[in-house]
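In terms of numbering that gives the first Met the number 0, the sequence shown is numbered consecutively and its last residue is 246. Input: a single structure, listed below in structure tokens.
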Amino acid sequence: MERWQNGIAVVTGASSGIGAVISRKLIASGMIVVALARRLERLEQLRQDLAEEQRSQLHIRQCDVTDLQSVNAAFDWIETELGGPDILINNAGKLSGGQLVTMSLDKVQQVLQTNVMGVVYCTQRAFQSIRERNTPGHVVLMNSIVGHYLFNPQPGRLQELNMYPATKHALSAMTEVFRQEFRDLKTQIKVTSISPGLVDTDMVPQDYKRLPMLQPEDVANAIMYALATPPHVQVHEVTIKPMGEPF
């Protein structure tokens with residue numbers, strides 16, 4: 000991670016789970032982290048959990064990735080105060096239970112806006128800044144195994160993933176789209192998709208909690224590996240499953 004020393008990393012959905020863990024790891028590696036989330040009080044707790052000497056490396060900003068104005072305000076601040084991002088971790092995500100054929104369209108739209116358009120909003124802003132500065136960069140998309148295939152629900156239960164797999168399939172396609180665009184626009188920006196199986200976070204439905212699960216740190220370690228690769232190496236896709244996962 001030497002090449003990123005004192006660089007700026009933006010982490011969305013940083014208030015808990017994978018986002019909070021990767022924020023701490025990036026800070027420990029010597030980076031300045033801008034943690035974005037809707038829950039400002041959780042971001043404040045993230046700061047308090049850091050060692051006192053590390054707290055100056057963390058900047059917290061309230062941001063709703065579904066709201067373009069909110070995203071623009073956050074990235075305007077990052078560019079004005081810090082010079083712009085070098086790394087973007089698109090970690091914010093949403094899963095709402097229910098069946099796609101009957102659930103509230105507002106909930107469907109919210110999942111789509113968070114998991115797809117939030118990534119577009121943030122990636123566009125990070126890309127513009129990195130390209131203008133003509134510096135290396137790295138964009139990470141938090142995908143899922145259901146972004147590659149869809150498993151059946153447990154016997155006797157209804158499928159409750161509804162729009163979520165569709166949004167993650169979109170991220171699989173967007174990873175390759177971004178790779179080609181970054182290449183053809185002659186940038187030094189890498190892109191990586193991280194696709195974990197079940198991770199022990201607040202997002203996992205209660206019925207799945209009894210199954211083998213990864214810990215957020217396992218996923219954060221994979222992100223750190225991809226970021227630490229030398230300039231000529233691009234980790235396109237990482238798939239991580241817990242031992243014994245039935246899917």
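C-beta atoms are modelled at their ideal positions from N, C-alpha and C, and glycine is treated no differently.
Approximately 11 Å separates the beta-carbon atoms of T122 and F74; this is outside 8 Å, ruling out the contact. Per DSSP, the unbroken alpha helix (DSSP H) holding L81 starts and ends at 67 to 81. Collapsing the DSSP output to three states places E159 in coil. The beta carbons of G96 and P204 sit closer together than 8 Å.
In its chain, beyond the 5 residues on either side, S14, Q61, C62, D63 have a beta carbon closer than 8 Å to the beta carbon of R37. At least 8 Å separates the beta-carbon of H147 from that of S103. N89 carries a strand assignment under DSSP once its states are collapsed to helix, strand and coil. T238: member of the beta strand (DSSP E) spanning 236 to 239, first to last residue. Secondary structure of T134 (DSSP, three-state): coil.
Take L170, set aside five residues on each side of it, and the residues of its chain with a beta-carbon closer than 6 Å to its own are L140, N142, G146, in chain order. Sixteen is the threshold: since fewer than 16 other Cβ atoms of the shown chains lie within 10 Å of the Cβ of R156, the residue is exposed. Short of 6 Å from the beta carbon of H58, and not among the five residues preceding or following it, lie these beta carbons of its own chain, in chain order: V33. Considered as a whole, the stretch 11 to 65 harbours 16 to 27, 39 to 48 as its complete alpha helix (DSSP H) runs of no fewer than 4 residues, in chain order. Note on T166: 16 or more other CB atoms within 10 angstroms of its CB, so buried under the neighbour-count rule. In this structure, the beta-carbon distance from I26 to D85 does not fall below 8 Å.
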